[in-house]
RNA sequence: GUCUCGUUAGCUCAGUCGGUAGAGCAUCUCACUUUUAAUGAGGGGGCCCUAGGUUCGAAUCCUAGACGGGACACCA
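In the working numbering, the protein residues as written are 6 to 507.
Structure, rendered in structure tokens:
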């Protein structure tokens, strides 16, 4: 049984004792209360008063008991609420007759209580609530982890995030910051007249990214559905339909490996902007970062682990090909020659499929020699066309896509491009992907989406679109190095213990 | 998927060469009416992750597995 542990049994017994004393351990009551923060600020003046107390005031605090020190006929407790900690004091002679002895052993660490009394200053100078009344609001029957070391075990922290948040208050700060970031991103795009939309999560055809999808079944229609790997193709249909600036902040699902930068479901913002080009995207991206740094009151230089990242704008801009030489230190005479690239990679003990196209081989060079050297925010521009199946060809150089990626701290944060809007070209590129899928068994290659091609056939104005990984953005802005630390409930294998127990 | 490290009381962790399972906090009993991880005295609490194997004897050594952390691969 889930509650067979001896400590839980002891606490269940205490809840029963409360009931037999006529005290409901789970009352449905709420009395207006002030927060710990309000209390500490409002009654700061008591510290300076001569009597060190203000008995005319009656204040109610609510919170979870985090620390409890019982000294015979009096006790101190630290309550925690959403704002922080506050101390209360209660004693036998200040509570209603006989009440103290009733509850002394029945209210304990972990319980949620409501305390009413007046502010005073203790001998050690701490502003404290002197209780005239102390009610239990919610009995906790599971004990909290150790008060000093807290909860260290990463597995328990991720599986039981609620417990992690109770015991490790700093965890909450990360998620508060995450919420602010998402809110600011939304506000930024709204202020630029972008419209927030919601497009399907259940896709008949997975599309918009090279990724393996989750597959599910829709009973009513008896059809397979794919959890979306990207909202891209739907958002661009909206541009065809006449929305000229749209964005969506939502979850994407990719059925791939998990590690400290990958969770099977992750959050992205994608935005599409008609009558704009990829150069406009780079500008608005810089503006977004300026807006975030201003409103989050972050310094322009942030530490990320042992790296120092300078977010001063404008961000560096360098073309894909140039970066191979100037950042990757790869001789310029080999970066456009398939044979030479293969030789170079082999010399560096990197195995590649010799049938790869030039663009894919250049991508191997980039991934191995350039990416992790891009610490300060850097736009890598002008990608090879064959690794950019949805991007528009450059009018000047047909081998190059009007595309960029933004790298920060050695990681891709954003990907944007001028969208391909030639329906015939799009059709051919889908076909090439499908052929690659059939020929090489590449499970991540894109599927043919004829309706999307049909949509383009009605005419999509020149459009620029970009995706920004929100989880990774939060990681960088909060100096977290595991995606699990910026996800409230990261994906975990099924928990064995709790299933076999019940 | 591969490599690597880990799993011992509710929590945080020790456990030597293979020889009866340990500490702090928490819990229980007692004392204590201004504490700060309160204090003092005493008690209880274990599927040493699981299954095999080696051995007179395994928390400890070996094999396989489960779960987790880290690194790599794929990807964003």
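Think of the CB as a built atom: it goes at the ideal place given N, C-alpha and C, for glycine as much as any other residue. The model shown is predicted, which means the values in this text are computed figures rather than measured ones.
Counting C-beta neighbours from all protein chains within 10 Å, is the total for residue 8 16 or more, i.e. buried, or is it exposed? exposed
Taking residue 94 as part of the beta strand (DSSP E), name the residues at either end of that continuous run. 89-96
For the beta strand (DSSP E) that contains residue 474, what are its first and last residues? 468-474
Contact under 9 angstroms by Cβ, residue 523 with residue 209: The structure shown does not extend to residue 523, since the chain is modelled only from 6 to 507, so the question has no answer here.
Reduced DSSP secondary structure (H/G/I, E/B, other) of residue 156: coil
Rounded to a whole number of angstroms, what is the C-alpha to C-alpha distance between residue 439 and residue 369? 22 angstroms
Is it buried or exposed for residue 455, if we count other Cβ within 10 angstroms and need 16 for buried? exposed
Let's test the definition: count the other Cβ atoms within 10 Å of the Cβ of residue 504 and tell me whether it reaches 16, buried, or not, exposed. Caution is warranted here: a pLDDT of 49 is assigned to residue 504, below 50, making its placement in the model unreliable, and no coordinate value can be reported.
What does DSSP give as the partner residue(s) for residue 72 in the beta ladder? 83
Give me the residue from 350, 79, 424 with the minimum Cα distance to residue 472. 424
For residue 589, does the count of other Cβ atoms within 10 angstroms reach 16, so buried, or fall short, so exposed? No statement about residue 589 is possible, as the shown extent of the chain runs from 6 to 507 and does not include it.
Return helix, strand or coil for residue 273, following the three-state DSSP convention. strand
Are the beta-carbon atoms belonging to residue 20 and residue 117 less than 9 angstroms from one another? no
Exposed unless 16 or more other CB atoms sit within 10 angstroms - verdict on residue 507: Legend: pLDDT at residue 507 = 39, less than 50; position of this residue unreliable, no value from coordinates given.
Looking only at DSSP bridge pairs, what is residue 430 linked to? DSSP output for residue 430 lists no bridge partner at all.
Which of the three DSSP states is assigned to residue 506 in this structure? Since pLDDT at residue 506 reaches only 38, below the 50 mark, its modelled position is unreliable, and the value read off the structure follows with that caveat. Looking at residue 506 - three-state DSSP - the assignment turns out to be helix.
Could you give the residue range of the alpha helix (DSSP H) that holds residue 456? 455-462
Leaving out five residues on either side along the sequence, give the residues of the same chain with a beta carbon under 7 angstroms from the beta carbon of residue 343. 363, 366
Which residues in the same chain have their Cβ closer than 8 angstroms to the Cβ of residue 63, if we skip the five residues on either side of it in sequence? 121, 122, 123, 137
At what residues does the beta strand (DSSP E) containing residue 259 begin and finish? Counting along the chain, residue 259 falls outside any beta strand (DSSP E), and DSSP gives it neither H nor E.
Any idea if residue 283 is buried or exposed, counting beta-carbon neighbours within 10 angstroms, 16 or more meaning buried? buried
Buried or exposed (CB count within 10 angstroms, at least 16 for buried), residue 194: buried
With DSSP as the reference, please indicate the residues paired to residue 417 in a beta bridge. 412
If you draw a straight line from the C-alpha of residue 309 to the C-alpha of residue 151, how long is it? 30 angstroms
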